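In what follows, a structure is listed as structure tokens, so that the remarks can point back to it.
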DNA sequence: TTGACCTGGTTGCATTCGCAACTATAAAGG
DNA sequence: CCTTTATAGTTGCGAATGCAACCAGGTCAA
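Protein chains in written order, with the working numbering: chain A, 1 to 147; chain B, 1 to 147.
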């Protein structure tokens, strides 16, 4: 492998590439918690986290908030339901929709993982420095909003 | 859905979550180029980009540089080979390893996608502002390095 | 009320992924 | 040499994904 310059664009400066690598790196350690300790997939954890954070809502709402495909959400909801972490209740204003909400057990799991998440996030922010972490948050939000 | 505060950690501030969403958002538009126009998967594009940027190397090197699982790289290499974008040549110093290098066609595809990538990246940086983009790059590198 | 269209959610199917097991070669130590 | 251990790369298999098709319930207008 030669590391001399080649013509063309520079991969190391390509933001989507850097973002993906950083996201992967940041998610890797944390994934072990929800996966190994609770048997959850990333999507399942996300659905759980959204319900835990924002309270009861429909699958459609979760899609809108988290920008996750509805079929992914659908299957994650089914899995969480099977696992007893979430309850589904028919909406009384829309016969198609279901109101999703965490069960007590779901709340418990969310609280436990949430504590780990807080620690994990804190450690990461400390490594980056408070200022950089704050700036990062702002820029990431801008990127997300621009989709 | 209620958006009142709930106890526990705040999902909106969780860096791995923000990073994943931002990475997804940033990759989405660009993905259409290598996927729809060239039939490449993300991993295939990454392998191609690394070979295009850094020149001939082994699959193992690509794994080390890009932090991608070796089985993913293996399959991407096989696909690129089938597509005639890449050549494999046995290493003369290690009977297990193969030296990978882009064919002329592979170079061409890399150059074409590279131009689009450059534009895409430039547009993204302009939206964020030059200063913010530079800081972002630095912080992302720090996160990636800390894995 | 009826018909045309829209929307929340699920399912089928082909593709991709992750992990473990495997093959073949290399390296190190006796 | 021969045995042991490590490494480059591939493959099998179950799980997760993406996309299109689908079902059932709304919406809106004539």
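Glycine included, each C-beta is placed from N, C-alpha and C at the ideal position.
Given the structure is predicted, the values throughout are model-derived calculations rather than measurements.
Is residue 40 of chain B buried or exposed, if buried means 16 or more other CB atoms sit within 10 Å of its CB? Under this definition residue 40 of chain B is a buried residue.
Classify residue 69 of chain B: buried if its beta carbon has 16 or more other beta carbons within 10 angstroms, exposed otherwise. exposed
Secondary structure at residue 147 of chain B, three-state DSSP: helix, strand or coil? coil
Buried or exposed: residue 91 of chain B, going by 16 or more other Cβ atoms within 10 Å of its Cβ? Around the beta carbon of residue 91 of chain B, a 10 Å sphere encloses fewer than 16 other beta carbons of the protein chains shown; the residue is thus reported as exposed.
Apply the 10 Å Cβ neighbour rule to residue 146 of chain A and answer buried if 16 or more other Cβ atoms are within range, or exposed otherwise. exposed
What's the C-alpha gap between residue 143 of chain B and residue 24 of chain A? 10 Å
Quick one: does residue 84 of chain B have its CB under 9 Å from some CB of chain A? no
Excluding sequence positions up to five away, which residues of its chain have a Cβ less than 8 Å from the Cβ of residue 63 of chain B? 69, 70, 73
Distance, Cα to Cα, residue 52 of chain B vs residue 112 of chain B? 11 Å
For residue 22 of chain B, would you say it is in contact with chain A, using Cβ-to-Cβ distances shorter than 9 Å as the test? At least one CB of chain A lies nearer than 9 Å to the CB of residue 22 of chain B.
What in chain A is Cβ-close to residue 26 of chain B, meaning under 7 Å? Within chain A, the residues near residue 26 of chain B are 15, 16, 19, 143.
Check whether residue 87 of chain B and residue 81 of chain B have beta carbons under 9 Å apart: A Cβ-Cβ contact shorter than 9 Å links residue 87 of chain B with residue 81 of chain B.
Interface residues of chain B facing residue 139 of chain A [CB-CB closer than 7 Å]: The answer, in chain order, is 128, 132, 136.
Report the partner residues of residue 98 of chain B according to the DSSP bridge assignment. B:90
Where do the ends of the alpha helix (DSSP H) carrying residue 76 of chain A lie? 70–82
Does residue 115 of chain A have its Cβ less than 9 Å from a Cβ in chain B? yes
Using a 10 Å radius around the Cβ and a threshold of 16 neighbouring Cβ atoms, would you call residue 22 of chain A buried or exposed? buried
Would you check if the distance between the CB atom of residue 100 of chain B and the CB atom of residue 56 of chain B is smaller than 9 Å? yes
Beta-carbon separation (whole angstroms), residue 14 of chain B vs residue 117 of chain A, contact threshold 8 Å: 6 Å
Among A:84, A:128, A:89, nearest to residue 103 of chain A - alpha-carbon criterion: A:84
Exposed or buried, what is residue 126 of chain A when buried is set at 16 or more other beta-carbons lying within 10 Å of its beta-carbon? exposed
Let me know the secondary structure DSSP gives residue 103 of chain B once reduced to three states. coil
So, are the CB atoms of residue 107 of chain A and residue 79 of chain A less than 9 Å apart? The answer is no: Cβ separation not under 9 Å.
Local Cβ density within 10 Å of residue 131 of chain A, reported as buried at 16 or more and exposed below that: exposed
Does any residue of chain B have a CB that is nearer than 9 Å to the CB of residue 80 of chain A? no
Compare the C-beta of residue 95 of chain A with all C-beta atoms of chain B and state if any pair is closer than 9 Å. Residue 95 of chain A does not count as touching chain B.
Run the CB neighbour count on residue 122 of chain B, radius 10 Å, all protein chains shown included, and call it buried at 16 or more, exposed below. exposed
What number of angstroms, rounded off, separates the C-alpha of residue 96 of chain A from the C-alpha of residue 110 of chain B? 47 Å
If you count every other CB in all the chains shown that lies within 10 Å of the CB of residue 105 of chain B, and 16 or more means buried, which is it? exposed
Does DSSP put residue 58 of chain B in a helix, in a strand, or in coil? Taken through DSSP and simplified to helix, strand or coil, residue 58 of chain B comes out as strand.
Starting from the C-beta of residue 46 of chain A, find all residues in its chain whose C-beta is less than 7 Å away, skip the five residues before and the five after it, and write them out in chain order. 66, 68
Against chain A, with Cβ distances strictly below 9 Å, would residue 66 of chain B count as a contact? Cβ-Cβ to chain A under 9 Å: yes for residue 66 of chain B.
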